[in-house]
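Numbering (my numbering), first residue to last: 660 to 805. Remarks on the structure that follows.
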C-alpha cells in the first residue's frame, strides 16, 4: 500500500477530518459566491481604470459579453455543487481548472497578496480531491489503462 493510500485510509471517516472536509467545502464554495454573482449579474469586478494592467485585464473580460456571465455562472454552479453531498467530488474536479486559472492569472498580473489566497484555495481543492482518493484513483486508472 502506498503512502497516499495508507494516509487516506487512516484519516478517512474520522470525525475531525470529516468536519474539516465540510469546513473546507463550505469555505471554497463561499469564496466563489461574491465574484460569481458580480459576473453573472453583468457587473464589473473592479473599479481600477484601464490605465492599470489589472483594471485593463478585468475590463477586457467584462467587455467579452456573455463569456463574463458564463464565468460567473460556472463559479456559482461549482459553489452550489460543493455544498450538495452527492456532487462534492464533481465540484472538486470542476473547481481545479478554475482555481489553477485564477492562480496563474494573479501571478502573471502581479496581484499583491492574491496569489497566496489563490494558492491556499488550490491546496484546499487538492485536499478535497485527496479526500475522494478512491474516486480519483479509479478515474486515473481508467485513463492510463489504454
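We treat Cβ as the ideally placed atom computed from N, Cα and C, and that holds for glycine.
By the CB criterion at 7 Å, residue 788 and residue 795 fall inside the cutoff. DSSP places residue 741 in the uninterrupted alpha helix (DSSP H) bounded by 725-742.
Taking all protein chains in view, the Cβ of residue 790 is crowded by 16 or more other Cβ atoms within 10 Å, so the residue is classified as buried.
One thing to note: residue 680 has its Cβ no nearer than 7 Å to the Cβ of residue 783. If you look at residue 720, you'll find it in the alpha helix (DSSP H) that goes 712-722. Taking C-beta separations shorter than 8 Å and ignoring five residues to either side along the sequence, the partners of residue 694 in its chain run 704, 731 and 734, following chain order. A residue is called buried once 16 or more other Cβ atoms fall within 10 Å of its Cβ, and residue 689, having fewer, is exposed.
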